[in-house]
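Trainee: From first to last, the protein sequence lines stand for chains A and B.
Here the first sequence stands for residues 0 to 353, where the numbers follow numbering that gives the first Met the number 0.
Here the second sequence stands for residues 0 to 353, where the numbers follow numbering that gives the first Met the number 0.
By construction, the Cβ of each residue, glycine as well, lies at the ideal position given by its N, Cα and C atoms.
Because the structure is a prediction, the values reported are computed rather than measured.
Got a structure for you, written out below as C-alpha cells; questions coming shortly.
Number of protein chains: 2
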Amino acid sequence: MGVKSLELDERKLKILKAIIRNYLETGEPVGSRTISKYTDLNLSSATIRNEMADLEELGYIVQPHTSAGRIPSDKGYRLYVDDMMKEKEQEVSGKEKEVEEMKEFLIERVDKVELLLQQMAKLLAENTNYATMITAPQYNKNKVKFIQLSRMEAGKLLVVVVIDGNIVKNTILDVEEEMTDETLLQLNMLCNTSLNGLSLNEINLGVIAKLKEQAGIHREIVGSVLDAVADAITVDDDLEIYTSGATNIFRYPELSDQEKAKNLIGAFEEKELLTNLVQESLDKEDRQGIQVYIGSETPVQMMKDCSVVTATYELEEGVKGTIGIIGPKRMDYEKVVNTLKTLTAQLDNIYKKT
Amino acid sequence: MGVKSLELDERKLKILKAIIRNYLETGEPVGSRTISKYTDLNLSSATIRNEMADLEELGYIVQPHTSAGRIPSDKGYRLYVDDMMKEKEQEVSGKEKEVEEMKEFLIERVDKVELLLQQMAKLLAENTNYATMITAPQYNKNKVKFIQLSRMEAGKLLVVVVIDGNIVKNTILDVEEEMTDETLLQLNMLCNTSLNGLSLNEINLGVIAKLKEQAGIHREIVGSVLDAVADAITVDDDLEIYTSGATNIFRYPELSDQEKAKNLIGAFEEKELLTNLVQESLDKEDRQGIQVYIGSETPVQMMKDCSVVTATYELEEGVKGTIGIIGPKRMDYEKVVNTLKTLTAQLDNIYKKT
DNA sequence: GATTAGCACTCTACCCAAATGAGTGCTAAC
DNA sequence: GTTAGCACTCATTTGGGTAGAGTGCTAATC
C-alpha cells in the first residue's frame with residue numbers, strides 16, 4: 000500500500016484496489032454499494048460512486064453497460080500489478096504448498112528433461128487452473144565437447160557429436176571409400192583435437208581449411224562430418240514447447256465462448272504462435288525474469304483477451320527456457336507471480352544437485 | 000446397394016440410407032416428407048412414416064424428441080458404413096486432389112520423420128476439417144545393430160546403441176575405474192560380437208552371464224552397458240503422438256457445447272488417453288488396416304459422441320504407426336476412408352523411394 | 001394387404017411484453 | 001466534502017402465445 004501515483008490520491012487508489020480485488024474474486028462487475036461495505040473507509044455508496052466516476056474518466060475502470068458495476072481496464076490491472084510487485088519485492092517468497100509438492104515430484108528420478116518439463120507444465124496447470132507452457136531450454140552457447148566417428152556397417156559411418164550440456168546428436172553418413180580402423184582412429188583424433196571447445200562461430204574457414212588439409216585424402220569425409228557437427232551445434236530454430244491445461248480456459252466464462260475458446264486453443268495447438276511470447280520475454284528480462292502482459296499488451300495477438308505471465312529459468316549458465324501461464328485478465332496475479340518465482344528458483348537448485 | 004440385411008428388406012434399407020445421407024449433409028433431423036421427395040421410391044410421406052416407425056423399433060434410427068425427424072443411431076451408422084465399405088472394396092481408389100497435394104508436399108526433403116508426421120497431421124486436418132492424430136512409427140522388432148563405447152572425458156563413458164531402422168540412442172555413464180584405450184577397444188568388440196542381432200528377448204541370462212565372464216574385471220561396466228542397451232531396445236511405452244485440428248470440432252454444433260468440447264480437447268491434450276485407440280487399431284487389423292469406430296464403439300470413452308476412423312501405416316517391415324481421424328458421427332465416412340486408404344498406400348511408397 | 005389422405009396432437013423455437021433488480025447519476029440537504 | 005434520496009437505465013428473467021415441423025393414428029382407397 001501507500002505507493003503514490005501521479006493522478007490518484009490515497010483514497011482513489013484504495014477504492015481502485017478494492018474494486019479489482021473484488022472483481023478478481025467474483026468475476027462480476029462490482030458496484031458502489033459493495034465497495035462501500037467491502038472497504039474499511041466507511042464511506043457511503045454515493046461517495047464511492049463519485050470516486051468511481053473519476054476513476055472511470057481516468058481510464059482505470061470501465062462499465063460493461065450503463066447500469067452495471069465497474070470492471071478494471073487494462074490500465075487498472077497494470078497499476079494493480081505494478082503496485083503489487085513493488086510491495087512484494089523485498090519479501091522472501093515463503094515456501095508454498097504447491098511448490099513443496101512439486102519439489103517432491105521433481106526429486107523422483109527423471110531421465111529426460113523433456114519429460115520433466117512436460118510433466119511440470121501439467122502439474123502447474125493443475126495447481127493454478129490456468130493454461131501453461133514451458134519451452135525446452137535453449138542452449139545458446141553450444142560448443143563441441145566430443146566427437147566420435149565409427150564404422151557401423153560397410154559404407155555407413157556413424158557420427159556422434161556431444162555438445163555442452165551433454166546433449167548428444169547423431170548422424171549416419173554414407174561413405175564411398177573404405178578405410179582401415181587405423182585411419183578411422185586418426186580421423187577421430189583429428190576431429191577432436193581440431194574442433195573440441197569450439198562454437199559455431201569459431202569454426203571458420205581457416206579452421207576448416209586446416210582440418211581438410213590435415214585430413215589429406217579423406218577431405219570429403221571431413222566435409223560431411225563438418226556438416227553433421229554444424230547441424231548439431233546450430234540452435235534449433237523451432238524450439239520445443241510443452242503445453243498443458245488448455246481446457247482450463249473453460250473455467251472462466253469470459254473466455255469460454257465459442258469464438259474465444261477456438262482462438263485460444265488454436266494458439267496452443269499451433270505452437271509456433273507462442274514463440275513470439277518466448278522471444279519477447281527472454282529479451283525484456285527484468286524483475287527477476289518475470290513479465291506480466293495484460294490484455295492487449297501481449298505479443299500474441301490471439302491472447303488479447305487474456306493475461307500472460309512469463310518467467311525465465313536457467314538450468315546452467317546460458318541454458319535458458321521460458322515458463323508461461325495464460326489465464327483470464329482477472330487471474331490471481333499474486334499467486335501466479337509467486338509460484339513462478341519460487342518455481343524457477345527451485346528448478347535452478349534442484350537441477351544442479353541431480 | 001443390394002446387400003441383404005437380416006432384418007431389413009430392400010425398401011427399408013433404401014429409406015435408411017436416404018435418411019443417413021440426408022443427415023450427413025444437413026446435420027438436422029430428417030422427416031418423412033423430405034425422404035418422400037428425396038428418394039426415387041415414389042412413396043407418400045405417410046408410408047415413409049410407417050417404415051420409419053419400424054426402423055426406429057429395430058434401433059436403426061432415433062428421435063431426438065417426439066415431434067422431430069429421425070437421426071441415425073450408432074447401429075444405423077454401423078450398417079451404413081459396413082455396407083459402404085463392401086461396395087467400395089473392389090474399387091481402385093482413384094487419385095484425389097488432396098492426396099496429390101500431399102504427395103507434392105511430402106516429396107520436399109524432410110529430414111525428420113517427426114516433423115513430417117506433425118505436418119502431415121496438420122495437412123490432413125486442414126483438408127478434412129476433422130481432428131487428426133498420427134503416432135510415430137513403432138519399431139516392434141528392435142534388434143541391436145551396433146554398439147559403440149567411447150571415453151568422452153575422464154570418468155564419463157558414452158554408450159551409443161544403434162538398433163534396427165537406424166535408430167540411434169545414447170547414454171552417458173559415470174565410471175569409476177580408469178581404463179586404457181586397449182581395454183575399451185576390447186570391450187567394444189566384446190559387446191558387438193555378443194549382442195549384435197539380438198532382440199530384447201534373446202538377451203537372456205545365459206548371454207549376460209557369458210558376456211560378464213568374458214569381461215572379467217570389467218563386469219561392472221558391462222552391467223551398466225547392458226542396462227543402456229536394454230533401455231534402447233525396449234519399445235517406448237509412451238509413444239509420440241502428433242495431433243492437429245482439435246479446434247475443428249467447433250465446426251460441428253453437436254460437439255461444440257462447453258462440456259463436450261472440453262472433454263474432447265482434453266483427450267487431445269492428454270495424449271496418453273489416445274494410446275488405447277492406437278493399440279486397439281493395431282490389434283484388430285483387417286480391412287486393409289482401416290477401422291471405423293462409431294460413437295460408443297470407440298475404445299476411448301471420452302470420444303463416445305464422435306466417430307473415429309483409424310488406419311495403420313507401415314514404413315518398413317514391422318515398423319508401424321497409426322493415423323486417426325476424429326469427427327462427428329455424421330462425418331463423411333466415404334471420403335475419410337478413401338483419403339486414409341490412399342494416404343497410407345502413398346506413404347508406404349513414397350517413403351521407400353527416398 | 002399395402003398405400004395414402006387427413007387430422008389431431010406434441011414439441012421446439014421464437015417473439016414479445018412485462019416484471020425484476022442491480023446499479024448509476026444527479027440534486028439537495030447535512 | 002459527504003450523504004440520503006430519487007428518477008432513470010438497461011441486462012436478465014419470466015411467462016404466455018404462436019408458428020412450424022413432424023409425428024401417430026384412423027379411415028378411405030387401390
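Give a yes or no on whether the C-beta atoms belonging to B/S198 and B/I240 are separated by under 9 Å.
Mentor: Taking the first residue of the second sequence as position 1, residue 198 of chain B is located at position 199. Taking the first residue of the second sequence as position 1, residue 240 of chain B is located at position 241. Result no, Cβ atoms of B/S198 and B/I240 do not sit closer than 9 Å.
Trainee: In terms of residues, what are the limits of the beta strand (DSSP E) holding A/S198?
Mentor: Position 199 of the first sequence holds residue 198 of chain A. Neither: A/S198 is in no beta strand (DSSP E) and is coded neither H nor E.
Trainee: Identify the contact partners of A/S255 in chain B, using a Cβ-Cβ distance below 8 Å as the criterion.
Mentor: Position 256 of the first sequence, counted from the first residue, corresponds to residue 255 of chain A. Here the neighbours are Q257.
Trainee: For chain A, check one thing: does any of its Cβ atoms lie closer than 9 Å to the Cβ of B/S243?
Mentor: One-based indexing of the second sequence puts residue 243 of chain B at position 244. Closer than 9 Å to some Cβ of chain A, the Cβ of B/S243 qualifies, so yes.
Trainee: In terms of residues, what are the limits of the beta strand (DSSP E) holding A/T311?
Mentor: One-based indexing of the first sequence puts residue 311 of chain A at position 312. Unbroken beta strand (DSSP E) run through A/T311: 305–315.
Trainee: Anything in the segment 181–203 of chain B with a Cβ closer than 7 Å to a Cβ of chain A? List those residues in chain order, please.
Mentor: Against chain A - using a Cβ distance shorter than 7 Å - the segment 181–203 of chain B contributes no residues.
Trainee: Taking just the CA atoms, how far does B/T311 sit from A/E315?
Mentor: Walking along the first sequence from the start, residue 315 of chain A turns up at place 316. Walking along the second sequence from the start, residue 311 of chain B turns up at place 312. Taking the straight line from one Cα to the other gives about 43 Å.
Trainee: Would you kindly check if the distance between the Cβ of A/T131 and the Cβ of A/S243 is under 9 Å?
Mentor: Working through the first sequence from its first residue, we reach residue 243 of chain A at position 244. Working through the first sequence from its first residue, we reach residue 131 of chain A at position 132. The answer is yes: Cβ separation under 9 Å.
Trainee: Of the choices A/A135, A/S66, A/V228, A/E269, whose alpha-carbon is the least far from that of B/T246?
Mentor: For the purposes of this step, residue 246 of chain B is identified with residue 247 of the second sequence, where counting begins at 1. Selected option, being the one with the closest Cα: A/E269.
Trainee: Would you call the CB atoms of B/T170 and B/A227 closer than 9 Å?
Mentor: Residue numbering aside, residue 170 of chain B sits at position 171 when the second sequence is read from its first letter. Residue numbering aside, residue 227 of chain B sits at position 228 when the second sequence is read from its first letter. A contact, by the Cβ cut-off of 9 Å.
Trainee: Starting from A/L42, trace the beta strand (DSSP E) in both directions and tell me its first and last residue.
Mentor: Within the first sequence, residue 42 of chain A is the residue found at index 43, counting from 1. Per DSSP, A/L42 belongs to no beta strand (DSSP E) and is neither H nor E.
Trainee: For chain A, find out if any of its Cβ atoms is closer than 9 Å to the Cβ of B/I240; answer yes or no.
Mentor: As a first step, residue 240 of chain B must be located in the second sequence, where it is residue number 241. With 9 Å as the cut-off, B/I240 does not count as an interface residue toward chain A.
Trainee: List the endpoints of the continuous beta strand (DSSP E) containing B/D173.
Mentor: Residue mapping note: residue 173 of chain B aligns to position 174 of the second sequence, counting from 1. Its beta strand (DSSP E) spans residues 166–173.
Trainee: Between which two residues does the alpha helix (DSSP H) harbouring A/Y22 extend?
Mentor: Locating residue 22 of chain A in the first sequence gives position 23, where the first residue counts as 1. It spans 9–25 - the alpha helix (DSSP H) in which A/Y22 sits, taken as one unbroken run.
Trainee: Rounded C-beta distance between B/E6 and B/L57? I'm assuming under 8 Å.
Mentor: Here residue 6 of chain B refers to the residue found at position 7 when the second sequence is read from its first residue. Here residue 57 of chain B refers to the residue found at position 58 when the second sequence is read from its first residue. Their Cβ separation, rounded to whole angstroms, is 6 Å, which keeps B/E6 and B/L57 in contact under 8 Å.
Trainee: Report the three-state DSSP secondary structure of B/K328 (helix, strand or coil).
Mentor: One-based indexing of the second sequence puts residue 328 of chain B at position 329. B/K328 falls in the coil class under three-state DSSP.
Trainee: I'd like to confirm the pairing. Which residues does DSSP put opposite A/E152 in its beta bridges?
Mentor: As a working note, residue 152 of chain A is residue 153 in the first sequence. Its beta-bridge partners are A/K155.
Trainee: With A/A130 as the anchor, note down where its beta strand (DSSP E) starts and where it stops.
Mentor: Within the first sequence, the letter at position 131 stands for residue 130 of chain A. Unbroken beta strand (DSSP E) run through A/A130: 130–134.
Trainee: Is there a Cβ from chain A that is less than 9 Å from the Cβ of B/K303?
Mentor: The residue given as residue 303 of chain B occupies position 304 in the second sequence. Chain A, which has no Cβ nearer than 9 Å to the Cβ of B/K303, makes this no.
Trainee: Measure from the C-beta of A/M84 to each C-beta in chain B and report whether the shortest distance is under 9 Å.
Mentor: As a working note, residue 84 of chain A is residue 85 in the first sequence. Cβ-Cβ to chain B under 9 Å: no for A/M84.
Trainee: Which chain B residues are close to A/K261, counting only those with a beta carbon under 8 Å from its beta carbon?
Mentor: Within the first sequence, residue 261 of chain A is the residue found at index 262, counting from 1. The answer, in chain order, is T246, F249.
Trainee: For B/E152 and A/Y251, I'd like the C-alpha separation in whole angstroms.
Mentor: Locating residue 152 of chain B in the second sequence gives position 153, where the first residue counts as 1. Locating residue 251 of chain A in the first sequence gives position 252, where the first residue counts as 1. So the two alpha carbons sit approximately 53 Å from each other.
Trainee: Should A/G265 be flagged as near chain B, meaning a C-beta pair shorter than 9 Å?
Mentor: Here residue 265 of chain A corresponds to residue number 266 of the first sequence, with the count starting at 1. Judged by the 9 Å Cβ criterion, A/G265 is in contact with chain B.
Trainee: Put B/T242 into one of helix, strand or coil per three-state DSSP.
Mentor: What you label residue 242 of chain B is simply residue 243 of the second sequence in a count that begins at 1. B/T242 falls in the strand class under three-state DSSP.
Trainee: Identify whether B/Y292 lies in helix, strand or coil by the three-state DSSP scheme.
Mentor: Here residue 292 of chain B refers to the residue found at position 293 of the second sequence. Reduced to three states, the DSSP call for B/Y292 is strand.
Trainee: Under three-state DSSP, which class holds B/P252?
Mentor: Position 253 of the second sequence, counted from the first residue, corresponds to residue 252 of chain B. If DSSP states are grouped into helix, strand and coil, B/P252 belongs with the helices.
Trainee: Determine the contact status of A/A67 and A/G30, defining contact as a CB-CB distance below 9 Å.
Mentor: In the first sequence, residue 67 of chain A corresponds to position 68, counting from 1. In the first sequence, residue 30 of chain A corresponds to position 31, counting from 1. Against a cut-off of 9 Å, the Cβ pair of A/G30 and A/A67 comes out as a contact.
Trainee: Kindly identify the DSSP beta-bridge partner or partners of A/I70.
Mentor: Position 71 of the first sequence, counted from the first residue, corresponds to residue 70 of chain A. Answer is A/V61, bridged to A/I70.
Trainee: Give the interface partners of A/M165 over in chain B, defined as CB-CB distance under 7 Å, in chain order.
Mentor: By one-based count along the first sequence, residue 165 of chain A stands at place 166. For clarity, residue 165 of chain A is Asn in the given sequence; the question names Met instead. Those within 7 Å of A/N165 in chain B are I171.
Trainee: Run through chain B and tell me which residues come within less than 8 Å of A/A224, C-beta to C-beta.
Mentor: Along the first sequence, one-based indexing puts residue 224 of chain A at 225. A quick correction: the sequence has Val, not Ala, at residue 224 of chain A. Per Cβ cutoff of 8 Å: no residues; A/V224 is ~15 Å from chain B at best.
Trainee: What does DSSP give as the partner residues of B/G320 in its beta bridges?
Mentor: To locate residue 320 of chain B, count along the second sequence from 1; it is residue 321. B/Y312.
Trainee: B/N337: buried (16+ other C-beta within 10 angstroms of its C-beta) or exposed?
Mentor: Within the second sequence, residue 337 of chain B is the residue found at index 338, counting from 1. Buried.
Trainee: What's the gap between the Cα of A/N128 and the Cα of A/M330?
Mentor: Position 129 of the first sequence holds residue 128 of chain A. Position 331 of the first sequence holds residue 330 of chain A. C-alpha separation (whole angstroms): 10 Å.
Trainee: Under 9 Å between beta-carbons, which chain B residues line up against A/M151? List them in chain order, please.
Mentor: Residue 151 of chain A sits at position 152 when you count from the first residue of the first sequence. By Cβ distance, chain B contributes K144, F145, Q147, V161, N165.
Trainee: Sort A/M84, A/S306, A/T321, A/V221 by Cα distance to A/L157 and report the nearest one.
Mentor: For the purposes of this step, residue 157 of chain A is identified with residue 158 of the first sequence, where counting begins at 1. It is A/V221.
Trainee: Considering Cα atoms alone, identify which of A/P28, A/R218, A/L272 is closest to A/L238.
Mentor: The count along the first sequence starts at 1 and reaches residue 238 of chain A at position 239. Comparing Cα positions, the closest option is A/L272.
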